[in-house]
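Everything below concerns the one structure shown next.
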Amino acid sequence: MIADLILLLAAALMIAAAVLTLIRITRGPGTLDRVVATDVLISVLMLTVALRTVQTGDTSYLPVILALALIGFAGSLSVARFVSDRDKAVKWGPSSKGRDGTRPPKAGGR
């Protein structure tokens with residue numbers, strides 16, 4: 005009875021976490037905020053599957069948890085690589101002028 009109550013409470017917390025994470029994904033101010041929220045959502049899904057595994061005692065859900073972990077890891081790496089390449093393109097673009105059109109000062113200060 006207490007175990008069922010604890011599992012019900014955990015399920016309610018997972019639903020609340022998923023809803024709040026979806027709000028962050030839709031309203032997040034930047035790309036990296038959305039990526040972090042997506043990672044959190046994948047973690048919540050992993051925990052939900054783990055909760056189902058505990059409820060049923062069936063270990064056949066464990067590969068699903070592993071697949072979700074790999075998807076989350078690969079997605080984070082892909083976005084980090086994309087953002088890193090985009091930042092390099094902004095910093096080291098074909099023009100040596102700054103954003104305001106002026107050239108940066110030389111190392112000697114002249």
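Numbering (this note's numbering), first residue to last: 5 to 114.
Cβ coordinates follow ideal geometry from the N, Cα and C atoms, glycine included.
Answer yes or no: do residue i and residue j have a C-beta to C-beta separation smaller than 8 Å?
i	j	result
residue 15	residue 72	no
residue 28	residue 7	no
residue 53	residue 68	yes
residue 58	residue 21	no
residue 46	residue 10	no
Give the secondary structure of residue i by DSSP, where H, G and I count as helix, E and B as strand, and everything else as coil.
i	result
residue 5	coil
residue 33	coil
residue 62	coil
Using a 10 Å radius around the Cβ and a threshold of 16 neighbouring Cβ atoms, would you call residue i buried or exposed?
i	result
residue 23	exposed
residue 35	exposed
residue 30	exposed
By Cβ distance below 6 Å, which residues in the same chain neighbour residue i in space, the five residues on each side in sequence not counted?
i	result
residue 79	none
Can you list, in chain order, the residues of its chain whose CB lies under 7 Å from that of residue i, leaving out five sequence neighbours each side?
i	result
residue 51	18
residue 156	With the chain covering 5 to 114 only, the question about residue 156 has no answer from this structure.
Quick check: is the beta carbon of residue i nearer than 8 Å to any beta carbon in chain B?
i	result
residue 58	The structure shown has no chain B; it contains just one protein chain.
message: For the pair the stretch 81–88 and the stretch 47–66, tell me if three or more CB-CB distances fall below 8 Å.
response: Below 8 Å, too few C-beta pairs join the stretch 81–88 and the stretch 47–66 to call them touching: fewer than three.
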